[in-house]
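Below is one structure, written out as structure tokens, with a few remarks after it.
Numbering (my numbering), first residue to last: 460 to 801.
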């Protein structure tokens with residue numbers, strides 16, 4: 460029986476050669492602090508593409524300078540970034556994978572010298588600045604910055620865009636009642652807290668015909684925060700707005716960690732959203748081997764497995780999974796590597 464994990468998968472007109480997506484992980488490697496792609500990024504992402512990952516998702520890429528998680532993050536706030544991003548896209552394509560990019564604004568979790576912003580003036584921790592609460596005009600400007608970033612994504616040739624609505628960054632800050640204490644149209648009831656993301660999706664979808672993902676944190680791990688039932692509702696709104704896949708993670712909004720961590724501990728969130736909302740999902744959470752990943756896909760719990768640390772440890776994780784699953788024939792081995800994988 461063929462592996463479902465290693466079978467092709469299509470969203471819109473984009474075909475991925477398997478169901479493995481590389482998780483977007485900050486590399487903190489823009490040492491000039493200008494947001495531009497470096498040789499490290501070409502090597503890092505190109506190697507995982509050569510290792511047969513189906514979809515490479517580029518790390519959190521800032522739409523504005525004060526929206527960087529760190530000063531060493533990639534950026535897409537300027538046309539000056541297009542050339543480097545185009546080179547990265549072309550390189551990953553040449554190595555045999557599709558490539559997406561995660562667009563982000565870090566909000567109150569930005570570690571930059573600029574003044575930082577958030578839905579409400581609530582500090583993440585003592586290690587961070589006090590953020591300024593955004594005005595409605597400033598919110599509109601950030602929505603436009605996402606739109607401008609999409610135009611640059613088009614010029615660079617990306618296959619997928621993912622909006623980062625997880626892990627305590629700006630979109631997540633609007634969605635959660637823990638960090639959004641606004642009393643205007645962007646705060647209060649869940650529909651108002653979703654408004655910022657809904658406006659971003661509308662602007663992006665008007666320009667972008669290729670697959671569009673959103674990463675969410677489906678659990679705040681705090682009683683008065685947002686929980687799975689909230690994201691089931693938000694998921695339906697996103698589905699109706701044209702989102703193609705929800706990349707389901709948890710946590711990161713506040714300094715509270717889950718108490719029970721085990722292999723696949725977050726998969727059930729992706730499974731429930733897929734079942735209730737009726738939308739494709741990506742599953743994360745200590746997915747470390749082929750049998751585990753195959754079970755997630757084979758039992759219809761998610762549509763992609765999103766792999767992070769395993770791909771940091773081993774760029775050829777997909778190849779080793781194919782051997783584990785007796786499915787080597789489902790991978791195309793680069794001719795340069797045939798002697799190593801016979």
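Beta carbons: idealized from backbone N, C-alpha and C, even for Gly.
Leaving out five residues before and five after residue i in sequence, what residues of the same chain have Cβ atoms less than 6 Å from its Cβ?
i: residue 646; result: 639
i: residue 742; result: 726, 729, 755, 761, 764
i: residue 477; result: 465, 513
i: residue 537; result: none
i: residue 583; result: 567, 568
i: residue 752; result: 464, 746, 764
i: residue 470; result: 670, 703
i: residue 530; result: 492, 571
i: residue 769; result: 747, 776
Could you tell me the alpha carbon to alpha carbon distance between residue i and residue j, rounded to whole angstroms?
i: residue 663; j: residue 801; result: 44 Å
i: residue 775; j: residue 641; result: 47 Å
i: residue 474; j: residue 556; result: 10 Å
i: residue 597; j: residue 710; result: 26 Å
i: residue 614; j: residue 665; result: 16 Å
i: residue 720; j: residue 607; result: 39 Å
i: residue 778; j: residue 534; result: 31 Å
i: residue 724; j: residue 745; result: 7 Å
i: residue 740; j: residue 621; result: 12 Å
i: residue 506; j: residue 554; result: 8 Å
i: residue 627; j: residue 480; result: 22 Å
i: residue 580; j: residue 527; result: 18 Å
i: residue 552; j: residue 491; result: 26 Å
i: residue 734; j: residue 503; result: 35 Å
i: residue 587; j: residue 797; result: 49 Å
i: residue 619; j: residue 605; result: 14 Å
i: residue 508; j: residue 487; result: 20 Å
i: residue 690; j: residue 759; result: 20 Å
i: residue 785; j: residue 750; result: 11 Å
i: residue 632; j: residue 773; result: 33 Å
i: residue 589; j: residue 623; result: 22 Å
i: residue 651; j: residue 766; result: 33 Å
i: residue 539; j: residue 697; result: 31 Å
What whole-angstrom Cβ distance do residue i and residue j have, given they're in contact under 8 Å?
i: residue 706; j: residue 655; result: The pair is not a contact, with the Cβ atoms about 18 Å apart (cut-off 8 Å).
i: residue 543; j: residue 496; result: 3 Å
i: residue 576; j: residue 591; result: 5 Å
i: residue 738; j: residue 704; result: 7 Å
i: residue 736; j: residue 681; result: That pair is no contact at about 23 Å.
i: residue 634; j: residue 653; result: 7 Å
i: residue 461; j: residue 795; result: About 26 Å separates the two Cβ atoms, so there is no contact after all.
i: residue 637; j: residue 713; result: 6 Å
i: residue 708; j: residue 732; result: Their Cβ separation, rounded to whole angstroms, is 11 Å, which puts residue 708 and residue 732 out of contact at 8 Å.
i: residue 657; j: residue 700; result: 6 Å
Sorted by chain position, which residues of the same chain lie with C-beta nearer than 7 Å to residue i's C-beta, five sequence neighbours on each side aside?
i: residue 617; result: 548, 558, 559, 560
i: residue 757; result: 463
i: residue 787; result: 781
i: residue 792; result: 800
i: residue 489; result: 495, 497, 531, 532, 533
Kindly list the residues whose CB is nearer than 8 Å to the CB of residue i, restricted to its own chain and excluding five residues on each side of it in sequence; keep chain order.
i: residue 748; result: 780, 783
i: residue 686; result: 677, 678, 679
i: residue 472; result: 669
i: residue 501; result: 546, 547, 550
i: residue 541; result: 611, 614, 615
i: residue 524; result: 494, 534, 536, 571, 573
i: residue 771; result: 484
Of all Cβ atoms in chain C, is any one closer than 8 Å to the Cβ of residue i?
i: residue 460; result: Chain labels in this structure do not include chain C; a single protein chain is all it has.
Assign residue i to buried or exposed, taking buried as 16 or more other Cβ atoms, counted over all protein chains shown, within 10 Å of its Cβ.
i: residue 510; result: buried
i: residue 468; result: buried
i: residue 483; result: buried
i: residue 648; result: exposed
i: residue 585; result: exposed
i: residue 683; result: exposed
i: residue 644; result: exposed
i: residue 722; result: exposed
i: residue 578; result: buried
i: residue 694; result: buried
Is it the case that the region 515-522 contacts the region 563-571, given that we only count it when at least three CB pairs across the two stretches are under 8 Å?
In short, these stretches touch, since the Cβ pair count reaches three.
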